[in-house]
Amino acid sequence: MLLTESGKFEPEFAFSHASPKTSSTMIMIETSSGHSLSLSPGHYIPVGSPSSLKPAREVAKFDHLFLAAAHNVTVVTSVTVQDELGIYAPHTPSGLISAGGIVSSCYTESLSLTFSTEALGVLHRLISTFPLGATVSSLLSSSSTFYSFITSFIL
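Heads up: the sequence shown runs through residues 9 to 163, numbered per the numbering used here.
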């Protein structure tokens, strides 16, 4: 279960990837409220308004982000780039999660936002209808043949 932007918990129905031993360049965002968030440069996050998604690499000092539990706005005080160990991409039915208390999306630039929203909606309905969670989730892995097949048509 993951805390979402509404302050409620939702199940993660799939992971695009969950690699605790993978090293990756990440964007570390710190805020005036003391909350911080580390995410990949192409990971979308609501900035300025809940419906305005930006890749993390475009977040800047003084941008406004959203806190999940209190439904408040916080101001970015620092944005740094650093190498970290472990990358994860959970997906929730709403497409939003709370990471470090800050609202973030389940989407990245690896696929178009429109396609990701639609495809994950279909996948969520499939998983909800048929108890194939682990099997279907493994299809989303970036190392799977299914993922390669689907993305070859989109990218």
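For glycine and all other residues, C-beta sits at the position ideal for the given N, C-alpha and C. Quantities reported herein were computed from a predicted structural model and do not represent experimental measurements.
> Between the C-alpha atoms of Val55 and Leu104, what's the straight-line distance to the nearest angstrom?
Replying inline: Working through the sequence shown from its first residue, we reach residue 55 at position 47. Working through the sequence shown from its first residue, we reach residue 104 at position 96. Rounded to whole angstroms, Val55 to Leu104 spans 13 Å at the Cα level.
>> In chain order, what are the residue ranges of uninterrupted beta strand (DSSP E) at least 3 long that sit wholly in the stretch 33 to 68?
In response: 44 to 47, 52 to 54, 61 to 63
>> Could you tell me which whole beta strand (DSSP E) segments of length 3 or greater appear in the stretch 84 to 121?
In response: You should have 104 to 107, 110 to 113.
> In this structure, does DSSP put Phe70 in helix, strand or coil?
Replying inline: For the purposes of this step, residue 70 is taken as the residue at position 62 of the sequence shown. Residue state, collapsed to three classes: coil.
> Where does Ser106 land, buried or exposed, given buried means 16+ other C-beta within 10 angstroms?
Replying inline: Stepping through the sequence shown from its first residue, residue 106 is reached at position 98. Buried.
> Straight-line CA distance for Val89 to Ile95?
Replying inline: Numbered from 1 along the sequence shown, position 81 holds the residue referred to as residue 89. Numbered from 1 along the sequence shown, position 87 holds the residue referred to as residue 95. So the two alpha carbons sit approximately 15 Å from each other.
> DSSP state of Ala77, grouped into three classes?
Replying inline: Against the sequence shown, residue 77 aligns to sequence position 69. Correct three-state label for Ala77: coil.
>> Report the CB separation of Ser113 from Thr82 in whole angstroms; it is logged as a contact under 8 Å.
In response: Residue mapping note: residue 113 aligns to position 105 of the sequence shown, counting from 1. Residue mapping note: residue 82 aligns to position 74 of the sequence shown, counting from 1. Taking a contact as a CB-CB distance under 8 Å, the pair Ser113 and Thr82 does not count as one, their CB atoms being some 17 Å apart.
>> Short of 7 Å in beta carbon distance, which residues of its chain neighbour His49, apart from the five on each side in sequence? Order them along the chain.
In response: Start at 1 with the first residue of the sequence shown, and residue 49 comes out as number 41. Sequence inspection shows Pro at residue 49; the His mentioned does not correspond to that position. Taken in chain order, the residues that qualify are Thr33, Ile35, Pro63, Ala64, Arg65.
>> Checking 8 Å against the spacing of the C-beta atoms, do Phe74 and Pro98 come in under that value?
In response: Taking the first residue of the sequence shown as 1, we reach residue 74 at position 66. Taking the first residue of the sequence shown as 1, we reach residue 98 at position 90. No, the pair does not count as a contact, with Cβ atoms beyond the cut-off.
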